[in-house]
Amino acid sequence: MIKHRTGRAQFTSKFGLIAAAAGSAIGLGNIWKFPYITGVYGGAAFLFVYLAFILAIGLPIMLSELIIGRKSRRNAFGAFKKLAPETPWRFIGSFGVAAAFLILSFYGVVAGWSIKYIVFSINNSFHSSSPEAISSAFEKFITNPVGPLFYQILFMLMTGAIVIIGVQKGIERYSKVLMPILLIIIIILDIRAVTLPGAGDGLRFLFHPDFSKLSFEGVLSALGHAFFSLSLGMGTLITYGSYVNKHNNLVNTAIQVTFADTLIAILAGIAIFPAVFAFNIEPGQGVGLIFVTLPNVFMQMPGGYLFSVLFFILLTIAALTSGISILEVVVAYFTEELKIKRRTSTILATSLIALLGIICSLSMGIFSEYEIFGLNFFDQLDFISANLLLPIGGMFIALFIGWSFGKFKVMREVAHGGRLRGWFLRIFMLLVKFVAPIAIFIVFLQGLNILDFIFALFSGNH
Ligand code: PHE
């Protein structure tokens, strides 16, 4: 990252943006959340719907965010103010801040668990434990009112500190080296997992779809997760796009980041599900899935001690590079819109988010009876941010590019670093103008049971 003549920082190399955007995209979403929700919603059918959403909705919206960022050279709010002055489009930014706030509060809790698992790994805590013992150790840890808070706050402090020191330099340098190492470890885990006795059932669960098992809620979660995993819908990639120079080929960047993110999620699934079936673990058990599964795998492989320490360190770093990109959205809002100094903004945002995170963490234990619609506070935040706010933000971003920004500006902006073939542009415009917004809208109506509600109203049996 270098300072540009205009005073705005820029990525130093072509790889810089890819590394930073991939660093944001690849995180707990791929390795913790993807396997756990795939388990909850029944496996392969969920995976295929998720992949369809990634291609038809995620990829075009990623390109849209990068275009908005580079064209405006502003943060997520300033961007809309600059490109469409005096219009309500800038409210897209408000969804972004709200989403960032909620996401980071529960993200920090899970990242804290990952730090705890570095400690467990170093102490070799699971040495010759049964799968049941590993599972109850996890339960015991997350329901404890003190331990998880310590690690969650530690994670938030690290995230805040990096944002104060200066984000991009760090991200660019570390993501380049560490993400490939993470990839290699996951591949080694995959090899061990698929050679476990009984692994076939796990692979079938992950790749052999039974669409009759898929609920509308599952489809809504697949949509929400496409946004969550690619870091879309709240302006993260608008901000990163604003640091790219004119020669970057945005189309290639969007394709590469989407591909890398999806690859890591699928490889994580291949590491988890064969092991889940081999060790007789319940695939739909929820948030603890990777934490109760992977220690069993590490114990069954040569060098398992070292791999488990390394894995949880890298998982924590992957969570950090994502956490930073989420915190940036809130900090940018505080500094540029509310005119608070950057340092104060960061301290304020980090503290408020950490506080909300504390309630989230406690909702796993002492506050677990407080449920709304059958979900505890942690799941509520996850649902509202990933399944509602991000897709709504994404829908407006697509509509903005399709209907306000328009085809000619897209063509001009993308042409800087590459050539946009005619058919590609036509498909892209079709996706952002119609397909993505309409699909998001329909999934919403169905997933939230709004259609059923309306039918019930009209048929008079409510
Ligand atoms: N994409 C990140 C992950 O998969 C999480 C994230 C969501 C980051 C939204 C930024 C914006 O872990």
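With this note's numbering applied, the sequence shown corresponds to residues 1067 to 1528, in that order.
Cβ coordinates follow ideal geometry from the N, Cα and C atoms, glycine included.
State the DSSP-derived secondary structure class of Leu1517, mapped to helix, strand or coil.
helix
Just to confirm, does Phe1207 get its C-beta within under 7 angstroms of one of the non-hydrogen atoms of the ligand PHE?
no
Whole angstroms are fine: how far does the CA of Leu1491 sit from the CA of Cys1426?
Rounded to the nearest angstrom, the two C-alpha atoms are 43 angstroms apart.
Would you mind working out which of Ala1085, Phe1077 and Ile1092 sits nearest Ser1388, comparing C-alpha positions?
Ile1092
With a threshold of 16 other CB atoms inside 10 Å of the CB of Arg1071, please say whether the residue is buried or exposed.
Residue confidence for Arg1071 is low, a pLDDT of 45 falling below 50, so the modelled location carries little weight; the figure read from the coordinates is stated next. That one is exposed.
Tell me which residues share the same chain as Leu1517 and place their Cβ nearer than 8 angstroms to its Cβ, disregarding the 5 neighbours each side in the sequence.
Leu1511
Can you grab the Cα-Cα spacing for the pair Ala1122 / Lys1182, in whole Å?
38 angstroms
Cα-Cα separation, Leu1289 to Ile1321
Between Leu1289 and Ile1321, the C-alpha separation is close to 18 angstroms.
Taking a cut-off of 6 angstroms, which residues have a beta-carbon closer than that to any heavy atom of the ligand PHE, in chain order?
Ser1090, Ala1091, Gly1093, Leu1094, Gly1095, Asn1096, Ile1169, Phe1294, Ser1295, Ser1297, Met1300, Thr1302, Ser1388, Ser1391 and Ile1392
Identify, in the order they occur along the chain, each residue of the same chain with its Cβ nearer than 6 angstroms to the Cβ of Lys1148, setting aside the five sequence neighbours on each side.
Ser1138 and Arg1140
Straight-line gap, Val1397 to Gly1468 (C-alpha atoms, nearest Å):
The alpha-carbon separation between Val1397 and Gly1468 amounts to approximately 29 angstroms.
Run through DSSP, which three-state label would Arg1071 get?
Unreliable positioning characterises Arg1071 in this predicted model, as indicated by a pLDDT of 45, which lies under 50. The coordinate reading is nonetheless provided below. In the displayed model, Arg1071 falls within coil according to three-state DSSP, outside both helix and strand.
Please classify Arg1156 as buried or exposed, where buried requires at least 16 other C-beta atoms within 10 Å of its C-beta.
Within 10 angstroms of the beta-carbon of Arg1156 lie 16 or more other beta-carbons, which makes it buried.
Can you check which of these residues, Gly1440, Ser1434, Ile1506 and Ser1374, is closest to Ala1464 by C-alpha distance?
Ile1506
Using three-state DSSP, classify Leu1262 as helix, strand or coil.
coil
With a CB to CB cut of under 8 angstroms and the five nearest residues on each side skipped, what residues in its chain are close to Leu1514?
Leu1286
Leu1223 versus Leu1262, Leu1170, Leu1454 and Leu1272, residue with shortest Cα-Cα distance
Leu1170
Of the choices Phe1339, Leu1296, Ser1281 and Ile1383, whose alpha-carbon is the least far from that of Ile1247?
Ile1383
Could you tell me the alpha carbon to alpha carbon distance between Glu1152 and Leu1132, rounded to whole angstroms?
22 angstroms
Below 8 angstroms on the Cβ atoms is my guess for Leu1094 versus Ala1177; work out the distance and round it to an integer in Å.
6 angstroms
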